[in-house]
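Following: one structure in structure tokens, then a few remarks.
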Amino acid sequence: MKNNIEKVVDKLLTAKFVVVFTGAGVSAESGVPTFRDKDGLWQKLKPEELASFDAFMRNPDLVTEWYSHRRKIMTQVQPNPGHYAIAEMESLFEQFAVVTQNVDNLHRRAGSRRVYELHGNIERNYCIKCKKYHELKDIFPDKAIRCECGGLIRPDVVWFGEMLPEDQYQESIVCATSCDILFSVGTSAVVYPAAYIPIYAKRSGAFLVEINMNFTEISDIADVVLIGKSGEILPKIVEEFKKQKTRIA
Ligand code: BJW
Ligand code: ZN
180 MKNNIEKVVD KLLTAKFVVV FTGAGVSAES GVPTFRDKDG LWQKLKPEEL ASFDAFMRNP
240 DLVTEWYSHR RKIMTQVQPN PGHYAIAEME SLFEQFAVVT QNVDNLHRRA GSRRVYELHG
300 NIERNYCIKC KKYHELKDIF PDKAIRCECG GLIRPDVVWF GEMLPEDQYQ ESIVCATSCD
360 ILFSVGTSAV VYPAAYIPIY AKRSGAFLVE INMNFTEISD IADVVLIGKS GEILPKIVEE
420 FKKQKTRIA
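180 is the number of the first residue of the sequence shown in my numbering; add one for each residue after it.
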């Protein structure tokens, strides 16, 4: 009897296009808090009080301070073995893509090149009036800041009620509907339309693998569910894949 990792590796051995869809859990072992877990960002503060344009306009100081705090954390953390395993996978298949809901830039920092960011990137900021981008490197304001034109500066992330970046979303759908295997890693899969990605993949005939500490909204439709830390499971999959690949060659 094959164990679940061996089943996944078997599928990978014939896969031409592999997609990894990620959420906050993939960065948890780097020290970036998730949103909805026990110690998540939203245990104390409600999402709609912070992650919406209305919330920003109602209290720009609070929202700016919250994003400064998170941006600071992200400058202090490093990619973990899960990010590095995903980056290595890019060189092992004919086609490979990362579709992420994360805004922390850790996939690129780990070496991934084909990355679609569905919810933006916290390192970028722009003026809500003239749309000019502002480099806030090493600046972590605790109050709202304004552009030369007088407009408020906001993070380039996607808040509730906002559209996802059209190009990133469309490319992600193409990946989901044409890949052979899709890994859904460290996401509760409750936020739409991003959560359609694993669903579209499954409906298009891809083999769906979930890696998470817990069962989620999409566990029922997954072909294999691997319960555990992504920073431990992903490197095991990559190692086993390389071993099998050299055995066959
Ligand atoms: C581990 C681990 C380890 C922990 N290893 N695993 C259809 C139905 C219902 C509602 C809607 C719908 N369509 C749209 C909506 C509304 C809304 C929505 O989805 N609401 C639901 C919550 C009900 N969606 C939107 O508003 C979206 N826009 C939109 O639809 O536009 C069209 C429109 C426009 C105008 C009017 C109407 C429609 C936009 C959504 C934007 C979400 N933005 C956020 C904030 C980004 C900025 C920021 O970072 O501050 O994105 S919300 C937050 O959730 C963030 C995340 O990317 C996203 C997903 O969270 P994620 O990554 O899954 O994290 P967690 O914490 O939930 O889960 C972590 C998981 O990791 C857990 O499962 C753990 O077990 C696991 N884990 N450690 C492996 N070591
Ligand atoms: Zn401006």
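Just so you know, even glycine gets a beta-carbon here, dropped at the ideal spot from N, CA and C. As the structure is a computational prediction, the values presented were derived from the model and not from experiment.
Cβ pair Glu267, Val370 closer than 8 Å: In this structure, Val370 does not lie closer than 8 Å to Glu267 by Cβ.
Under the three-state DSSP convention, the category Ser363 falls into: If DSSP states are grouped into helix, strand and coil, Ser363 belongs with the strands.
Beta-carbon separation (whole angstroms), Leu297 vs Gln347, contact threshold 8 Å: In this structure Leu297 is in contact with Gln347, their Cβ atoms being roughly 6 Å apart against a cut-off of 8 Å.
Neighbourhood of Gly329 by C-beta distance below 7 Å, restricted to the same chain and skipping five residues each side: Lys308.
Alpha carbon of Thr387 to alpha carbon of Leu191, nearest angstrom: The sequence shown places Leu at residue 387, not Thr. Answer to the nearest angstrom: the Cα atoms are 11 Å apart.
Gly330 CB to nearest heavy atom of the ligand PLP below 7 Å: Looking for the ligand PLP in the displayed structure turns up nothing; the ligands present are the ligand BJW and the ligand ZN.
For Asn274, the first and last residue of its enclosing beta strand (DSSP E): In the sequence under discussion, the amino acid at residue 274 is Gln, which differs from the Asn named in the question. For Gln274, the enclosing beta strand (DSSP E) starts and ends at Gln274 to Thr279.
DSSP bridge partner residues for Val388 (one or two, in chain order): In the DSSP output, where bridge partners are listed per residue, Val388 has Phe362 and Val403.
Continuous beta strand (DSSP E) stretch holding Pro336: start and end: The question names Pro, but residue 336 is Val in the sequence shown. Ile332 to Val336 is the span of the beta strand (DSSP E), which, as asked, contains Val336.
Host alpha helix (DSSP H) of Val188 (start-end): Asn183 to Thr193 is the span of the alpha helix (DSSP H), which, as asked, contains Val188.
Sequence-distant residues of its chain with Cβ nearer than 6 Å to Lys217 (five each side left out): Hits under 6 Å: none found.
Exposure of Lys424, with buried meaning 16 or more beta-carbon neighbours within 10 Å: With fewer than 16 other Cβ atoms within 10 Å, it is exposed.
Cutoff 7 Å; reference Ser398; Cβ partners in own chain excluding five residues on either side: Cβ neighbours of Ser398 beyond the five flanking positions: Glu389 and Val404.
Any 3 or more C-beta pairs closer than 8 Å across the segment 304-322 and the segment 278-296: As far as the Cβ criterion goes, the segment 304-322 does not touch the segment 278-296, which means the pair count is below three.
Limits of the alpha helix (DSSP H) - the one that Phe200 falls within: Looking at the DSSP string, Phe200 is not in any alpha helix (DSSP H); the run it does join, the beta strand (DSSP E), is Phe196 to Thr201.
Distance, Phe394 Cα to Gly410 Cα: Going from the Cα of Gly410 to the Cα of Phe394 covers about 17 Å.
Reduced DSSP secondary structure (H/G/I, E/B, other) of Phe339: Three-state result, Phe339: strand.
Asn391 classed as buried or exposed, judged by whether at least 16 other C-beta atoms fall within 10 angstroms: Buried, because 16 or more other Cβ atoms sit within 10 Å of the Cβ of Asn391.
Own chain, CB closer than 6 Å to Tyr295, minus 5 neighbours either side, in chain order: Result list for Tyr295: Val278, Gln347, Glu350 and Ser351, in chain order.
Classification of His484 by the beta-carbon crowding that lies within 10 angstroms, buried from 16 upward: No answer is possible for residue 484: the residues shown for the chain start at 180 and end at 428.
Cβ distance (whole Å) where Gly202 is taken to contact Gly340 below 8 Å: That pair is no contact at about 20 Å.
Beta-bridge partners of Tyr305, as assigned by DSSP: According to DSSP, Tyr305 bridges with Tyr312 and Arg333.
Residue interval of the beta strand (DSSP E) (run including Val282): Counting along the chain, Val282 falls outside any beta strand (DSSP E), and DSSP gives it neither H nor E.
Where Asn182 falls, given that 16 or more other Cβ within 10 Å makes a residue buried: Asn182 counts as exposed, since fewer than 16 other beta carbons sit within 10 angstroms of its beta carbon.
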